[in-house]
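A.B. asks: Quick mapping for you: the protein sequence lines, in order, are chains A and B.
Each residue of the first sequence is one higher than the one before, starting from 1 at the first, in the working numbering.
Each residue of the second sequence is one higher than the one before, starting from 1001 at the first, in the working numbering.
Protein chains: 2
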Amino acid sequence: MVTRAESAAATRRALLDAAASLLDAGGPEAVTLREVGARAGVTRGAPYRHFADKDSLLTAVAAQTWERLTDDVHAIRADPSRSAEEKLRGALGVLLHVGPHLYQLLFWQPGRLNRLERLHRQVCGPEGDPDAASRAAERFQDELLAVVADVVGEKDARHYGALLLTSAHGIAGMEHSGQLGTDKWQTTADALVDTLIRMIAG
Amino acid sequence: MVTRAESAAATRRALLDAAASLLDAGGPEAVTLREVGARAGVTRGAPYRHFADKDSLLTAVAAQTWERLTDDVHAIRADPSRSAEEKLRGALGVLLHVGPHLYQLLFWQPGRLNRLERLHRQVCGPEGDPDAASRAAERFQDELLAVVADVVGEKDARHYGALLLTSAHGIAGMEHSGQLGTDKWQTTADALVDTLIRMIAG
DNA sequence: CTTTTCAGATGACGTTGTCACCTCAACCAC
DNA sequence: GTGGTTGAGGTGACAACGTCATCTGAAAAG
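1. Measure the alpha-carbon distance for G1125(B) versus T182(A) and round it to whole angstroms.
2. Run through chain B and tell me which residues come within less than 7 angstroms of H169(A), C-beta to C-beta.
3. Quick check on R89(A): buried or exposed, where buried means 16 or more other Cβ atoms within 10 Å of its Cβ?
4. For F140(A) and chain B, any beta-carbon pair shorter than 8 angstroms?
5. At least one CB of chain A closer than 8 angstroms to the CB of A1162(B): is that the case?
6. With 9 angstroms as the C-beta to C-beta threshold (strictly closer), list the residues of the segment 1183-1198 of chain B near chain A in chain order.
7. Between the segment 1096-1114 of chain B and chain A, which residues of the former have CB atoms less than 7 angstroms from a CB of the latter, in chain order?
8. Quick check: what's the CA-CA separation for V1193(B) versus S1007(B)?
9. Can you name the start and end residues of the alpha helix (DSSP H) that D72(A) belongs to?
10. Are any of the Cβ atoms in chain A nearer than 8 angstroms to that of G1027(B)?
11. Between G1202(B) and chain A, is there a C-beta pair that is closer than 8 angstroms?
12. Please say whether L1057(B) and L1015(B) have beta carbons closer to each other than 8 angstroms?
13. Would a check of beta-carbon distances place R1158(B) closer than 8 angstroms to chain A?
14. Can you give me the C-alpha to C-alpha distance between Q109(A) and S1177(B), rounded to a whole angstrom?
15. So which residues on chain B does S177(A) lean against when the C-beta distance must stay under 7 angstroms?
16. In this structure, does DSSP put Q141(A) in helix, strand or coil?
17. Between A1203(B) and T187(A), is the Cβ-Cβ spacing less than 8 angstroms?
18. Which residues in the same chain have their Cβ closer than 7 angstroms to the Cβ of Y1103(B), if we skip the five residues on either side of it in sequence?
19. Enumerate in chain order the residues of its own chain whose CB-to-CB distance from S167(A) is below 7 angstroms, with the five nearest sequence positions on each side excluded.
20. According to DSSP, simplified to helix, strand and coil, what is K204(A)?
21. Along the alpha helix (DSSP H) that carries L1105(B), what are the first and last residues, could you check?
22. Please compile the residues from chain A whose C-beta is within a distance smaller than 7 angstroms of the C-beta of T1166(B).
23. When we look at the beta-carbon of G1153(B) and count the other beta-carbons within 10 Å, is it buried (16 or more) or exposed?
24. Taking 8 angstroms as the limit between beta carbons, can you name the residues of its chain near R12(A), skipping five residues before and five after?
25. Report all residues from its chain with a CB closer than 8 angstroms to the CB of R1004(B); omit the five preceding and five following residues, and keep chain order.
26. Between R139(A) and T70(A), is the Cβ-Cβ spacing less than 8 angstroms?
27. In chain order, what residues of the same chain have a beta carbon less than 8 angstroms from the beta carbon of A1020(B), not counting five sequence neighbours either side?
28. Here's a check: name, in chain order, each residue in its chain whose Cβ is nearer than 8 angstroms to the Cβ of I200(A), leaving out the five neighbours to either side.
29. Report the CB separation of A91(A) from V147(A) in whole angstroms; it is logged as a contact under 8 angstroms.
30. Determine the contact status of P1047(B) and V1036(B), defining contact as a CB-CB distance below 8 angstroms.
31. Smallest Cα separation from A25(A): which of Q179(A), R135(A), G99(A)?
32. Give me the residue from G202(A), K184(A), M174(A), E143(A) with the minimum Cα distance to A78(A).
33. So, with DSSP's three-state summary, where would you put V1094(B)?
34. Check for me: the alpha helix (DSSP H) holding D1024(B) runs from which residue to which?
35. Which residue's Cα is closest to the Cα of H97(A): A136(A), A18(A), R44(A), R68(A)?
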């Protein structure tokens, strides 16, 4: 016997998984609410019982992904067999190993707010609550910040943390657009991360 | 009296300008072929006389933008009143001052090839010609490479050029998503670029 | 002048996000 | 138990979009 809440939660999970799977495999254009619904075993209108609109669904996928990445970095941070520098390399590697399309979603911000969100902000005041995805991304950045602090010290952690995060972000983007392996640069993401860490820590 | 070629060239220019303007102002979702056509004074079907499809139009906008940026960097490189380091700072600044939506287009790659392009490649052989946008982007990178070489020397130019380009790319992306001015990092794009150049050149 | 060419207009089609409305089984108070 | 409520999901419909086939008219070519 399945209760209604269980069924709904399962459907919501299935919708998120289907969206992430479709995005990872076929890119943003492959993510249609109709196909997401079909993969989750429901029809095109059902997602609107769980998410305000398509943007909200994608935002939820991003939040879920950020949480997974945060857990990954947390696990690396707790691994006693790695040095501080190796932990930093691993933490940045977590970002660099996300699939291109899913990665783009992590740093994507939805368009204008839809009707429902606008109503929600109007009712709960302009300070409703920041995006769930933004908060999840912030937790990831906190974990990364802690790893950086173990390498360069608490004092310079913010400064070098921002530099490392932005640089890793750019390395990921350039790699995903296939512009790192060309004849011009002839380098790899790993080599660039190595150079960065050596410049900062070494 | 306007000849037909002149009229067609003017329409093509108007289409490109309209697309760039719409993208810059309203983001990707505001760029519809119907609105682009209307801004250019034609109807929705006319763009297909100048571009294979919407992706080709956007690619042409990207190519045009890359060429403008290349000229900007070239002008900075020829300015005798700046030091090599100042030229490098200026060249990276050219990238960082592109509007968010237009910037995203620069590093965007269109989806699957459409029918017409596929036919073209099939007729002209698999080695038709690489994307016009890719070639324009490569020319920009050549200019940047020359600026970097004047700072770190010819030998290390490729290595540090890749690092600078990827890092600047990431700084731009994080700034555009509004994640640099937060309480967590409290830094600016300029400060990060400064740190980078000081680490490499200083 | 006749014919060809080609930029542009127009109608149509399939797909998509979204909403209003309907259904029906799980839930809840009594 | 029973009757009313709730809420997940299905369905029809609509507007907007990219795209194509077809038509038109004027510039170019002969």
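C-beta: ideal position from N, C-alpha, C; glycine also.
C.D. replies: With the given structure in hand:
1. Reliability fails at G1125(B), whose pLDDT of 43 lies under 50, so the model's placement of it is uncertain and the value that follows must be treated cautiously. Those two C-alpha atoms are separated by around 22 angstroms.
2. G1170, G1173, M1174
3. buried
4. no
5. yes
6. Answer in chain order: K1184, W1185, Q1186, T1187, A1189, A1191, L1192, T1195, L1196.
7. F1107, Q1109, G1111
8. 45 angstroms
9. 54-77
10. yes
11. Not closer than 8 angstroms to any Cβ of chain A, the Cβ of G1202(B) fails to qualify, so no.
12. yes
13. Interface residue, yes.
14. 7 angstroms
15. F1107, Q1109
16. helix
17. With chain B running from 1001 to 1202 in the structure shown, residue 1203(B) is simply not present.
18. A1172, H1176
19. L196
20. Nothing in the structure corresponds to residue 204(A), since chain A is present only between 1 and 202.
21. Here the alpha helix (DSSP H) through L1105(B) covers 1100-1106.
22. S167, G170, I171, M174, L192
23. exposed
24. Closer than 8 angstroms at Cβ, skipping near neighbours: H50.
25. Excluding sequence neighbours, R1004(B) sits near nothing in its chain.
26. yes
27. Excluding the 5 residues flanking it on each side, A1020(B) has same chain C-beta neighbours closer than 8 angstroms at V1061, Q1064, T1065, L1102, in chain order.
28. V151, V152, Y160, L163, L164
29. About 5 angstroms separates the Cβ atoms of A91(A) and V147(A), confirming a contact at the 8 angstroms cut-off.
30. yes
31. G99(A)
32. Comparing Cα positions, the closest option is E143(A).
33. helix
34. 1004-1026
35. R68(A)
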